Structure formats: structure tokens, C-alpha cells
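Single-structure report; data block below.
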Amino acid sequence: MSVIEINGLTKDYGNHKGIFNLSFQVQEGEVFGYLGPNGAGKTTTIRHLMGFLTADKGKASILGKDCRSESASVMKELGYLPAEMAFFDGMSGMDFLKFMGEMRDMSNTAYRDALIKKFELDTRGRIRKMSKGMKQKLGIVCAFMHDPKVLLLDEPTSGLDPLMQKLFAELILEERSKGKTILMSSHSFEEIERTCDRVGIIRQGELVATENIHDLKEKRRKIYLITFDSPASAVEFAKKDGYDKVTVSGATAKVCILGNVSSFVHELGKYNVLDLDTESCNLEDVFMQYYGVSNGNHSNKN
Amino acid sequence: MLSKPLLKATIKQNYIVLLIIIGVLMIYMPTIVSMYDPKTQESLNEMLKMMPKEVISAMGFSSPVSDLLSFIATYFYGFLILLLPMIYTIIVANRTIASHVDKGSMAYLLSTPNTRAKIACTQAFYLLTSITLLITFVTLSGISMCQILFPGDLNIKGFILLNLGALLLYYALTGIGFFASCFFNDTKNSLALGAGLPVAFLLFQMVSDIGDATKFFKYLSLYTLFDPATIITGEGYAVSYLVLVVIGVVMYTAGILSFHKKDLTL
């Protein structure tokens, strides 16, 4: 059963901004990663799902209910984390969570308190004085505290330190095991990779692909940085065939490898390797690798 | 159709501004009432005659003063009642909707199972109730002040009628502010209309009072519909009151509808 359904959704802001004829579904119990550079239309899509915007064409629905006309009813089962943190002036963290609980008619606060503890959220301070990371944690607690069936998370880990990012990934996996349906947007491939079952990639308002995360990983080239004992060994290594792309600078070689790395490891055994490192792919590289998209038209947006 | 927690939060957010405005009005009201002296009324009128007519007119002090009611009507309801509560309504009307949309906190309100109409109605309810409270407070304190200082001198029925007029005027004014707050997505535009218009009305009112040459300005001001001098005669106010009510109803309804329909970039 598909919980989130988007059909031919179009919102044209002119100037190629907006979303165009967008269609995808998220199944029950699935974690869907929504990936795209800044300005690609991720937040616009989520705004439609939240019922903030009326589409020019097409339809978005959650749990069979129209996102725009039945939004209040949809919200009963939905948790939302906005991309921009804006709370209520002058409230403390706890005031805000209590207020949101009352707005939702939420009676059970056990899960809320467990989340506060898990994320080490200090709820006493005024929100205005909180750091960006603390605000983000507050937003996360607010999105999950009423144990909703569906979660829409707009760039959930921005502002979190690596430790908290890891905690957040654990939370997502936990919620998935409870059968929750989650859509989370991101511009970081790593973040999505850790938690999602399926990925949709959006570019300039159009969905360019939806892929199973395992397929994506298999197709994905990884970049390794090898530091040899001397520039000569690096050059010698680079002469060896079988790699798509090798660049050498000094004693360091940079190599892209698709899929299995055993022959690469075997080959490295012949050299004196001082250091081996991987370079994280940014979204740009991901696009390049999977779809052969040229840098030209969207590099300036990222 | 109202959200209790939101109403509570809105009260908490705004009660200090309300108290400040009430406080300032409570300084003026006793001062003005205590300045009334049936015996020196004549000499005061003499003194006013010596000042340039235009200056006095612009302040709304033009009508001849005979009794306590017309004294208060002239000195308190001619200008102060137009200015001070207006400041309150301008601040609060913007805060009800536009500032939540501008800051983004509206996203949280709408992520709860409450319709936009319910949220807008709650905020409109607060605005209407708080301004009613303010005018009621002014009315009651005015009556008690007069009863203490000049027992029996105040025409209470006329005084209540005068305050009813002020209240209806504020229903219309807050209606404009509320509509601006609902219609625009940012504080800047909401204030441009919601504050700009009432302030312009006040200026037009003052300009039109200066003399015959500038009289036509009164057709540009909503305040023309609230004329203390006419109201205390007990006649000829019905149409004005009705128009104010209609403006109020139309503006509040339009505000809620526009908020219900519009795109929110939250």
C-alpha cells in the first residue's frame, strides 16, 4: 500500500523554478530519501505534502487523503520537521513541546521524554538563545514525539554534530522497524545512504530517477586516495590498466573504482602504501556517475 | 472553531502590550476628568479662543464644551482614543498571522491537526476580545472616575453610546489590520497596509479638522464615521455605526478566507 502518493504534481514559479509533473509513491514502512541540490524543488514538494501550497496541476495525497483540502486530518498521523527552524519567541524548549502537544491533543508524554533524553536536549533554556544544533534537536523531538505513522523530514541532520547524526540515523532505523513511512530530503548522499531503502533524485524540479539504495550503491564508484612511498611507485601504479580514472599528484594517486575492490586491494599489496583514504562523493559526483549529467547546468546551484 | 492552546499562547504573547496601553489610558482618563470644572469651563473656552483656531481644531478640540460628557467627548474621544488603542491593534494584528508566516512558526501551527480556518478564527477572536476588553475597561473606569469626582454629572447613557462607537470603530480598524495580516506573507507588507491605513486615516482626520478648505479630507478617513460631537447629541450615529460593523465583518471574513486559500511558503 502506498502511503504517500504524488501524481503529476506541477507548480511553476517561472524561470524553470518549481516542480514539474512530479510522480512517485512511498510505500508503507519504507524510508524514502529525497535527494537533490539546493533549489531543485525538494522543499516545494514537501510544502505540497504539508498542504501549504496549492498545485497548478496534479495531486498529492497521504494515507489516501488529499494533502491540500484535508490537511488537518492528514496531520493527525504526520510528523514534520521543517528545513528552517522558527519557533515561538520567548518560549522555553519545554514550553514549546508542551504547546505543540496541546495543539495535537497529545496525552502521552512518555515518548517525548524518552526522545529528550536520547538526544540530550536541554529543554529549560529559551529557544531564542539555543544553538542551531539544539534547535534542530528540538525540531526532531517535536516531529517524532506523538508517534506519527508518517514522517516528513526536510534536511533533518543539518546542524547536528556527527555523534547526533549517528543517533538520528538510529532513530530512523528504529522508526522504520515500527513500520513508519518516512520521507526525508537531503543534499548529502551519505546521510541518505545510511538510512533509506529507496532514493528519488530530483533536479531542476524533475524527478530524474528513483532507485533502490542497494542498486545505487552497486553502481556507485568510490574514490580512493593512495599515498605511496615515492612518486615513482605512484606513477607505476597508475600505468596499470583496469581502473576507470587515475590521477597522480606527487606520491598520491586518486583512483575511481566501480563495485568490487578485491583486485584493487590485491594490486596494492605489491606496493609500500603509507596511507589509504576514501574521498566522499558529493552530490555532483553522484549525478556524474549515475546519469552522466554534465556539470554545466546545475553546478552553480550547489 | 477555536484552539484553546493557541489562544492561551497568543494571550501570553500579547498581554503586556495590552497592559501598557491600558496603563497609559488610565493616566490620561483621570487627568482629563479631573480637569473638568463647571465654573472654570467658561474661562477655559476663553483661553482656547486665544490660541490659533487651526491648531485647536486639528487636535479635535473644536466643539463647544458645556457639560461633563461633551468635555470628555472632546478631550479624550477626539484624539487620544483614536491614537493609543490604535497602536495596540497595529502591533497585535500583525502578530496574529503575518508575523507567524514571516518567521516560519506558522509551519508548526499547521503541522498540527488544526485547519487554517480554525487558527485564523482563534487569532481573530483574540483580537476582537482584547480590544473589547480594552474599551470596556476604559468605559467602566471613565464612569467610576466621573462618579467619584463629580457624582451625578455624567450622562452615563450618552457615555456608553460614545464608547460603543469607539468599539465599533476598532472592530473596523482591527478588521483592516487582520485582513492585511492574513493577506500578506511578510510583516513588512502587513504593516504597510495594517498600520499605514489607520495612521493615514488619523492624519486625514486632523487635516480635515483644520478648516473648510481641507474639509474634503474627511471623506478619506474612516474616523469620520466616529464623530463624538454628533454621537453625544444622541442622533444621527446609527448609519455610521452600521457601516463600521459592516466593514468589520467584511474585513475579518475576507481575512480568514484569504488565509484559507493562499499559498504559504513556509
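Same order as they appear, the protein sequences are chains W and G.
If you count the first sequence from 1, position 220 lands on 220 in my numbering, and the numbers rise without skipping.
If you count the second sequence from 1, position 137 lands on 137 in my numbering, and the numbers rise without skipping.
By construction, the Cβ of each residue, glycine as well, lies at the ideal position given by its N, Cα and C atoms.
Please read all numbers here as calculations on a predicted model, not as lab measurements.
Is there a Cβ from chain G that is less than 9 Å from the Cβ of residue i?
{"i": "W:Met131", "result": "According to the sequence provided, residue 131 of chain W is Ser. The question's Met does not apply to it. False, the Cβ-Cβ gap to chain G never drops below 9 Å."}
{"i": "W:Tyr224", "result": "no"}
{"i": "W:Asp52", "result": "Here residue 52 of chain W turns out to be Phe, not Asp, going by the sequence shown. Closer than 9 Å to some Cβ of chain G, the Cβ of W:Phe52 qualifies, so yes."}
{"i": "W:Cys256", "result": "no"}
{"i": "W:Phe87", "result": "yes"}
{"i": "W:Pro37", "result": "no"}
{"i": "W:Glu84", "result": "yes"}
{"i": "W:Gly79", "result": "yes"}
{"i": "W:Ser294", "result": "In this predicted model, W:Ser294 has a pLDDT of only 44, less than 50, meaning its place in the structure is not dependable; the value taken from the coordinates is given anyway. So no, W:Ser294 is outside the interface."}
{"i": "W:Cys142", "result": "yes"}
Does DSSP classify residue i as helix, strand or coil?
{"i": "W:Ser233", "result": "helix"}
{"i": "W:Cys256", "result": "strand"}
{"i": "G:Ser105", "result": "coil"}
{"i": "W:His298", "result": "With a pLDDT of 41 at W:His298, under the threshold of 50, the modelled position of that residue is not reliable, and the figure given next carries that caveat. Three-state DSSP puts W:His298 in coil, outside helix and strand."}
{"i": "G:Asn14", "result": "helix"}
{"i": "G:Val239", "result": "helix"}
{"i": "G:Phe226", "result": "coil"}
{"i": "W:Gly18", "result": "strand"}
{"i": "G:Ile97", "result": "coil"}
{"i": "W:Arg112", "result": "helix"}
{"i": "W:Ile226", "result": "strand"}
{"i": "W:Met134", "result": "helix"}
{"i": "W:Lys35", "result": "The sequence as given places Leu at residue 35 of chain W; Lys does not occur at that position. Here W:Leu35 sits in strand by DSSP."}
{"i": "W:Glu175", "result": "helix"}
{"i": "W:Ala83", "result": "coil"}
{"i": "G:Val249", "result": "helix"}
{"i": "W:Lys11", "result": "strand"}
Using a Cβ-Cβ cut-off of 9 Å, state whether residue i counts as contacting chain W.
{"i": "G:Pro113", "result": "yes"}
{"i": "G:Thr265", "result": "yes"}
{"i": "G:Leu2", "result": "no"}
{"i": "G:Leu191", "result": "no"}
{"i": "G:Leu257", "result": "no"}
{"i": "G:Leu110", "result": "yes"}
{"i": "G:Lys49", "result": "no"}
{"i": "G:Lys118", "result": "yes"}
{"i": "G:Lys188", "result": "no"}
{"i": "G:Lys39", "result": "no"}
{"i": "G:Lys261", "result": "yes"}
Tell me the rounded alpha-carbon separation between residue i and residue j.
{"i": "G:Tyr219", "j": "G:Val17", "result": "32 Å"}
{"i": "G:Leu84", "j": "G:Gly78", "result": "12 Å"}
{"i": "W:Lys65", "j": "W:Glu30", "result": "19 Å"}
{"i": "G:Gly236", "j": "G:Val245", "result": "16 Å"}
{"i": "W:Met50", "j": "G:Cys182", "result": "19 Å"}
{"i": "G:Thr139", "j": "W:Arg124", "result": "42 Å"}
{"i": "G:Met51", "j": "G:Val207", "result": "17 Å"}
{"i": "G:Phe159", "j": "G:Tyr75", "result": "13 Å"}
{"i": "G:Asp227", "j": "G:Leu167", "result": "13 Å"}
{"i": "G:Leu242", "j": "W:Ile201", "result": "58 Å"}
{"i": "W:Ser73", "j": "W:Cys67", "result": "9 Å"}
{"i": "G:Ser70", "j": "G:Asp153", "result": "11 Å"}
{"i": "G:Arg95", "j": "G:Ala195", "result": "12 Å"}
{"i": "G:Ile90", "j": "G:Ile131", "result": "11 Å"}
{"i": "W:Gly90", "j": "W:Asp113", "result": "21 Å"}
{"i": "G:Asp263", "j": "G:Phe184", "result": "10 Å"}
{"i": "G:Leu266", "j": "G:Met26", "result": "41 Å"}
{"i": "W:Lys129", "j": "W:Lys135", "result": "9 Å"}
{"i": "W:Gly41", "j": "W:Arg203", "result": "8 Å"}
{"i": "W:Ile116", "j": "W:Val141", "result": "7 Å"}
{"i": "G:Asn163", "j": "G:Ile232", "result": "10 Å"}
{"i": "W:Pro162", "j": "W:Glu190", "result": "12 Å"}
{"i": "W:Asp215", "j": "W:Asp197", "result": "10 Å"}
{"i": "W:Asp122", "j": "W:Leu173", "result": "24 Å"}
So with Cβ pairs under 9 Å, would you call residue i a contact of chain A?
{"i": "W:Met91", "result": "No chain A appears in this structure, whose protein chains are W and G."}
Interface positions of the region 95-108 of chain G facing chain W (Cβ-Cβ less than 7 Å), listed along the chain: Lys103, Gly104, Ser105, Ala107 and Tyr108
Contact list for the region 211-232 of chain G against chain W, Cβ threshold 9 Å: none
Taking any Cβ of chain W, which residues in the region 1-30 of chain G have a Cβ under 9 Å from it, in chain order? Ser3, Lys4, Pro5, Leu6, Lys8, Ala9, Lys12 and Gln13
Any C-beta of chain G within less than 8 Å: which residues of the region 95-109 of chain W qualify? So the list reads Phe99, Met100, Glu102, Met103, Arg104 and Asp105, given in the order they occur along the chain.
Give, in chain order, every residue of the region 57-76 of chain W whose Cβ lies closer than 9 Å to some Cβ of chain G. Ser71, Ala72, Ser73, Val74, Met75 and Lys76
Is the region 101-109 of chain W touching the region 111-123 of chain G, taking contact as three or more C-beta pairs under 8 Å? yes
Does the count of Cβ pairs from the region 183-191 of chain W and the region 150-165 of chain W closer than 8 Å reach three? yes
Is it true that the region 137-157 of chain G meets the region 21-32 of chain G, where meeting means three or more beta-carbon pairs spaced less than 8 Å apart? yes
Could you tell me whether the region 213-226 of chain W touches the region 251-258 of chain W, using the rule of 3 or more Cβ pairs below 8 Å? yes
Listed in chain order, which residues of the region 20-48 of chain W have Cβ atoms closer than 8 Å to some Cβ of chain G? Arg47
Check whether the region 267-282 of chain W touches the region 223-232 of chain W, counting contact only when three or more Cβ pairs, one atom from each stretch, lie closer than 8 Å. yes
Give a yes or no on contact between the region 248-260 of chain G and the region 35-52 of chain W, applying the rule of three or more CB pairs nearer than 8 Å. no
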